[in-house]
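Numbering-wise (UniProt numbering), the sequence shown opens with residue 1 and increments by one.
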Amino acid sequence: MDHVEAIGCDMNSDFEEAFEERCTHIQPVFDYFHIVKNMNEKLINEIRKDEQARLIAEGNMEAAKHLKKSKHVLCSKKATRDRKDEAAQKGIVKQKKSDLFNLPEIKAIGGWNDKFDLLIKENELLFKADLIKEKITAAYQEDHEWKMAKQIIEIIDLCNETKNEHFIWFANLLSNHFEGIIAHATIKITSSKIEGINNRIKTIRRMGYGYPDDEYFFLKIIDMSRRNPL
1 MDHVEAIGCD
11 MNSDFEEAFE
21 ERCTHIQPVF
31 DYFHIVKNMN
41 EKLINEIRKD
51 EQARLIAEGN
61 MEAAKHLKKS
71 KHVLCSKKAT
81 RDRKDEAAQK
91 GIVKQKKSDL
101 FNLPEIKAIG
111 GWNDKFDLLI
121 KENELLFKAD
131 LIKEKITAAY
141 QEDHEWKMAK
151 QIIEIIDLCN
161 ETKNEHFIWF
171 ANLLSNHFEG
181 IIAHATIKIT
191 SSKIEGINNR
201 IKTIRRMGYG
211 YPDDEYFFLK
221 IIDMSRRNPL
């Protein structure tokens with residue numbers, strides 16, 4: 001692998017350690033998708049659950065109700081919220097009425113941006129999480145490592161200033177993967193191809209209800225990839 005300069009991978013520490021041990025010349029690169037995925041699952045959603053529990057304990061049931069089932073609203077991008085609101089305004093049908101199966105017609109539901117604005121207005125931690133997500137997005141648009149490094153350091157400092165355990169966890173995640181994150185400024189690669197292959201493999205296995213013969217399973221993967229290029 002002497003000709004390989006960099007490789008896109010997820011944030012599993014085993015991958016990074018393997019390259020550092022066996023291929024020291026290869027630079028691991030962590031893309032935007034994996035950063036945001038960790039932020040949504042381990043920061044935003046955990047804060048949402050903690051804040052909901054706190055509000056219930058304080059007897060503020062109305063505010064707690066706003067946080068219930070709000071994960072997708074809080075974790076979605078503005079472009080996604082805009083698209084869903086637009087679909088509702090156009091009256092797009094998400095499920096057709098079926099007399100045979102006794103199913104009602106269901107149209108797209110709007111109010112995504114309004115609900116999001118209400119949630120971050122009511123909760124300081126969620127507001128800061130949204131601010132940090134915007135800064136992450138801006139950082140990943142940089143083309144110079146030193147500029148991206150400066151923005152990531154600012155994000156780490158903002159997280160630590162909150163004294164919140166979930167923000168501190170995210171700050172540590174960024175610190176521990178710092179070199180691989182800022183490498184994205186000059187090495188614009190992702191692991192999306194590998195993610196797609198992994199999903200294809202899972203689909204093949206699920207469709208066959210599992211395969212006891214590994215060689216046959218491997219041939220199925222090759223055949224599926226040949227017929228439907230990734």
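Where is the CB? At the ideal position from N, CA and C, for every residue including glycine.
Valine 36 to leucine 173, Cα distance in whole Å?
-> 12 Å
In the structure shown, what three-state DSSP assignment does alanine 139 receive?
-> helix
Would you mind reading off the limits of the alpha helix (DSSP H) that contains residue 240?
-> Residue 240 lies beyond the stretch modelled for the chain, which goes from 1 to 230, so this question has no answer here.
Do you know offhand how far isoleucine 156's Cα is from glutamate 179's?
-> 14 Å
Quick one: any contact between the stretch 106-113 and the stretch 84-95, if contact means 3 or more CB pairs under 8 Å?
-> yes
Pair every Cβ in the stretch 69-83 with every Cβ in the stretch 93-109, then say whether three or more of these pairs are closer than 8 Å.
-> no
Which parts of the stretch 27-95 are runs of the alpha helix (DSSP H), unbroken and 4 residues or longer, counting only runs that do not cross its ends?
-> 32-38, 45-57, 61-67, 71-75, 78-89
Could you tell me which residues DSSP pairs with glycine 8 in its beta bridges?
-> Val29
Buried or exposed: leucine 219, going by 16 or more other Cβ atoms within 10 Å of its Cβ?
-> exposed
C-beta atoms of aspartate 92 and alanine 79 nearer than 7 Å = One point to set straight first is that residue 92 is isoleucine, not aspartate, in the sequence displayed. Result no, Cβ atoms of isoleucine 92 and alanine 79 do not sit closer than 7 Å.
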